[in-house]
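Novice: If you're matching positions, the sequence shown starts at 1 in full-length UniProt numbering and goes up one per residue.
Using N, Cα and C, we set each Cβ at its ideal position, and we do this for glycine too.
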Amino acid sequence: MSDTIDSVFQEGDLVEIQILKKDKDVISLKSIVAGVKNSKEMVIAAPLYKGRLFPIDLGKRIFVIINKNDKGIFSFQALVIGRSKEEKVSVIHILATSVIKKSQRRKFYRVPFYEEVIIKFELEENEKKINEKLIEKYKGNPDIIIEEETDREVNVSSRDISGGGLRFIIKNEELNLGDNIKGIIKLKNYRIEFSAIVTRAQVLPDYNNTYDIGCSFINMEESVRSKIIGYIFAKQRNLVKKD
Numbered sequence: 001m002s003d004t005i006d007s008v009f010q011e012g013d014l015v016e017i018q019i020l021k022k023d024k025d026v027i028s029l030k031s032i033v034a035g036v037k038n039s040k041e042m043v044i045a046a047p048l049y050k051g052r053l054f055p056i057d058l059g060k061r062i063f064v065i066i067n068k069n070d071k072g073i074f075s076f077q078a079l080v081i082g083r084s085k086e087e088k089v090s091v092i093h094i095l096a097t098s099v100i101k102k103s104q105r106r107k108f109y110r111v112p113f114y115e116e117v118i119i120k121f122e123l124e125e126n127e128k129k130i131n132e133k134l135i136e137k138y139k140g141n142p143d144i145i146i147e148e149e150t151d152r153e154v155n156v157s158s159r160d161i162s163g164g165g166l167r168f169i170i171k172n173e174e175l176n177l178g179d180n181i182k183g184i185i186k187l188k189n190y191r192i193e194f195s196a197i198v199t200r201a202q203v204l205p206d207y208n209n210t211y212d213i214g215c216s217f218i219n220m221e222e223s224v225r226s227k228i229i230g231y232i233f234a235k236q237r238n239l240v241k242k243d
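#1: Put Ser2 into one of helix, strand or coil per three-state DSSP.
#2: Hey, would you say Ile32 sits closer than 7 Å to Ile19, going by beta carbons?
#3: Which partner residues does Ala78 have in the DSSP bridge list?
#4: Rounded to whole angstroms, what's the CA-CA distance from Lys40 to Leu53? Just pull it up for me.
#5: What number of angstroms, rounded off, separates the C-alpha of Leu58 from the C-alpha of Ser98?
#6: Shortest alpha-carbon distance to Ala96 belongs to which of Asn176, Glu153, Val154, Arg61?
#7: Label Ala234 either buried or exposed according to how many other C-beta atoms from any shown protein chain fall within 10 Å of its C-beta, with 16 as the threshold for buried.
#8: Give the straight-line distance between the Cα atoms of Ile118 and Ile185, rounded to the nearest whole angstrom.
#9: Tell me where the beta strand (DSSP E) around Gln18 begins and ends.
#10: Excluding the 5 residues preceding and the 5 following Glu122 in the sequence, name in chain order all residues of the same chain whose CB lies nearer than 6 Å to its CB.
#11: Please tell me whether Ile66 and Ala78 are closer than 7 Å, where the distance is taken between their beta carbons.
#12: Pick out whichever of Tyr231, Asp3, Phe76, Asp179 has its Cα sitting closest to the Cα of Ser162.
#13: Secondary structure at Ala46, three-state DSSP: helix, strand or coil?
#14: Beta strand (DSSP E) containing Ser39: first to last residue?
#15: Which residues bound the beta strand (DSSP E) around Asn155?
#16: Is it true that the CB of Ser216 sits closer than 7 Å to the CB of Gly165?
#17: Straight-line CA distance for Leu48 to Val64?
#18: Rounded to the nearest angstrom, how far is the Cβ of Ile56 from that of Ser103, given a contact under 8 Å?
#19: How big is the Cα-Cα spacing for Ile218 and Pro142?
#20: Identify whether Glu222 lies in helix, strand or coil by the three-state DSSP scheme.
#21: What's the gap between the Cα of Val89 and the Cα of Arg225?
#22: Excluding sequence positions up to five away, which residues of its chain have a Cβ less than 8 Å from the Cβ of Ile181?
#23: Name the DSSP beta bridge partners of Gln202, please?
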């Protein structure tokens, strides 16, 4: 059974809200759950930023995160559907637009990481069907050649890694909070395929179409995670020797 707002959140819970600004930078704000409506809707206090209410427009998409120490870290995408005042407190009404995802509660040590990482961009199902139809339509016509489109693989610049996630820099490919991604990490003796959720997406203003991405691994087998942690321990030992 999947988690729902009314099964995870309670009035008074502290939550983090991540918002993509117009300049495509991401701002993180703290808020409190003011009320739970049903399995998909809840009300949160309007967040403060530098001592003032931070304006969030109707229709704005946000990313909500909560750390339940006894259960784990939960996150989901939401849409702002209303604003009001309850007992003289400004609140916003939000509607979950994605499933609530749960990640590991464990804290992982993070180390600098500059090995090869590839991010996979899979074709949408409708794109695959259109490509297949075009290939079939012009099959046998020597004047028109339709090449088969395949999933793309993009090399990115890795920055750091832990047993729980990865940070990398990517150019000319936009990723947003809550996006599910797949990729490959190439360690010295291992080739690790992973799935992850984007938990941070920040534009690097000094570089054109370049993004600083943080992601958390999801559905990773412990045997695979152990290989990453083993790499981190080896890295730590080398750093200690250098000191």
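Specialist: With the given structure in hand:
#1: Within the sequence shown, the letter at position 2 stands for residue 2. Reduced to three states, the DSSP call for Ser2 is coil.
#2: Start at 1 with the first residue of the sequence shown, and residue 32 comes out as number 32. Start at 1 with the first residue of the sequence shown, and residue 19 comes out as number 19. Result no, Cβ atoms of Ile32 and Ile19 do not sit closer than 7 Å.
#3: Against the sequence shown, residue 78 aligns to sequence position 78. DSSP lists Ile62, Ala96 as the bridge partner or partners of Ala78.
#4: Translated into positions along the sequence shown, residue 40 becomes position 40. Translated into positions along the sequence shown, residue 53 becomes position 53. Their Cα atoms are separated by approximately 25 Å.
#5: Within the sequence shown, the letter at position 58 stands for residue 58. Within the sequence shown, the letter at position 98 stands for residue 98. Approximately 18 Å, taken between the alpha carbons.
#6: In the sequence shown, the residue the question calls residue 96 occupies position 96. Ranking Asn176, Glu153, Val154, Arg61 by Cα distance to Ala96 puts Arg61 first.
#7: Numbered from 1 along the sequence shown, position 234 holds the residue referred to as residue 234. With fewer than 16 Cβ atoms within 10 Å of its Cβ, Ala234 is classed as exposed.
#8: Taking the first residue of the sequence shown as 1, we reach residue 118 at position 118. Taking the first residue of the sequence shown as 1, we reach residue 185 at position 185. If I take the Cα positions, the gap works out to 7 Å.
#9: Residue mapping note: residue 18 aligns to position 18 of the sequence shown, counting from 1. 14 to 20 is the extent of the beta strand (DSSP E) around Gln18.
#10: Taking the sequence shown and counting its residues from 1, the one referred to as residue 122 is at position 122. Excluding residues within five positions, the ones whose Cβ falls inside 6 Å are Asp151.
#11: Taking the first residue of the sequence shown as position 1, residue 66 is located at position 66. Taking the first residue of the sequence shown as position 1, residue 78 is located at position 78. Result no, Cβ atoms of Ile66 and Ala78 do not sit closer than 7 Å.
#12: Start at 1 with the first residue of the sequence shown, and residue 162 comes out as number 162. For Ser162, the closest of Tyr231, Asp3, Phe76, Asp179 by C-alpha to C-alpha distance is Tyr231.
#13: Residue mapping note: residue 46 aligns to position 46 of the sequence shown, counting from 1. Residue state, collapsed to three classes: coil.
#14: By 1-based counting over the sequence shown, the position of residue 39 is 39. Where Ser39 is concerned, there is no enclosing beta strand (DSSP E), given that its DSSP letter is neither H nor E.
#15: Residue mapping note: residue 155 aligns to position 155 of the sequence shown, counting from 1. Judged by DSSP secondary structure, Asn155 falls within the beta strand (DSSP E) whose first and last residues are 152 to 161.
#16: Walking along the sequence shown from the start, residue 165 turns up at place 165. Walking along the sequence shown from the start, residue 216 turns up at place 216. Yes.
#17: Here the question's residue 48 lines up with position 48 in the sequence shown. Here the question's residue 64 lines up with position 64 in the sequence shown. Whole-angstrom Cα-Cα distance: 15 Å.
#18: Indexing the sequence shown from 1 puts residue 56 at position 56. Indexing the sequence shown from 1 puts residue 103 at position 103. In this structure Ile56 is not in contact with Ser103, their Cβ atoms being roughly 25 Å apart against a cut-off of 8 Å.
#19: To locate residue 218, count along the sequence shown from 1; it is residue 218. To locate residue 142, count along the sequence shown from 1; it is residue 142. Roughly 46 Å between the two C-alpha positions.
#20: Within the sequence shown, residue 222 is the residue found at index 222, counting from 1. The answer is helix: DSSP assigns Glu222 an H, G or I state.
#21: Locating residue 89 in the sequence shown gives position 89, counting from the first residue. Locating residue 225 in the sequence shown gives position 225, counting from the first residue. Looking at the backbone, the Cα of Val89 and that of Arg225 are separated by about 44 Å.
#22: Within the sequence shown, the letter at position 181 stands for residue 181. Here the set comprises Ile119, Lys120, Leu175, Ser195, Ala196, Ile197, Val198, Cys215.
#23: Sequence index remark: in the sequence shown, residue 202 carries index 202 (1-based). Gln202 is bridged by DSSP to Asp212.
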